[in-house]
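Here the structure is laid out as structure tokens; the discussion comes afterwards.
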Amino acid sequence: MHTGLMSTELFCYRARAFCNLIENTSHYGHKELQHLVSALALLYSEANRLILCDVDEVDDEQQPPSVKQTEREVIVNRITAALHQEYYRVVDPLNIYESPAPTMSQISDDLTDIWQELTIGLRLWDRVNAKDRRLAQWHWAFSFSSHWGLHAVNAITYMHHTLARMR
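Dropping the structure here:
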């Protein structure tokens, strides 16, 4: 089997595991948070191996499926009810010429954005044709680099500190 395909299939497995945790967990005690941070760290590791492949022009039938606002609200509400929401993060830690001011973030936004990007890719992947699978791979790699990768890092940091305080 081609290494790129194996890597994408492993990523798909990790993405599905993360989405299942997000969709089916309503309480985040120590054990659940450990499972979630582990799933997210494994997902992040696999996302770094994804190849940003070329995709042909996307026709109307191949448009990525969207996530409905009601689906997103269910996830946001579930996370909001279970976890302390707000935390500080540094926007640009590499800006050494100015002291980076921390900004407020919300863990529900981080986890929901990750879930949404993964879900779009999974829905494409599940169409089981080569063009849609290639588009799914492209979507995951592009959105990881441009959007949800930073959300993942912030969420892992949040969960690390939360778990440390639970010990």
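According to our numbering, the residues represented by the sequence shown are 6 to 172, in order. Every residue, glycine too, gets a C-beta built ideally from N, C-alpha and C.
Test item: CB-CB of residue i and residue j under 8 Å
i: residue 55; j: residue 13; result: yes
i: residue 139; j: residue 58; result: yes
i: residue 166; j: residue 42; result: no
i: residue 81; j: residue 117; result: yes
Beta-carbon separation (whole angstroms), residue i vs residue j, contact threshold 8 Å
i: residue 145; j: residue 52; result: 7 Å
i: residue 23; j: residue 123; result: 6 Å
i: residue 50; j: residue 83; result: So it is not a contact: roughly 25 Å between Cβ atoms.
i: residue 168; j: residue 38; result: 6 Å
Where residue i falls, given that 16 or more other Cβ within 10 Å makes a residue buried
i: residue 159; result: buried
i: residue 157; result: buried
Rounded C-alpha distance that separates residue i from residue j
i: residue 25; j: residue 78; result: 16 Å
i: residue 73; j: residue 21; result: 18 Å
i: residue 106; j: residue 153; result: 21 Å
i: residue 71; j: residue 148; result: 14 Å
Task: Three or more C-beta pairs below 8 Å linking the segment 87–100 and the segment 127–136 - done: no
Task: Inter-stretch contact (C-beta, 8 Å, three-pair minimum) for the segment 71–90 and the segment 103–116 - done: yes
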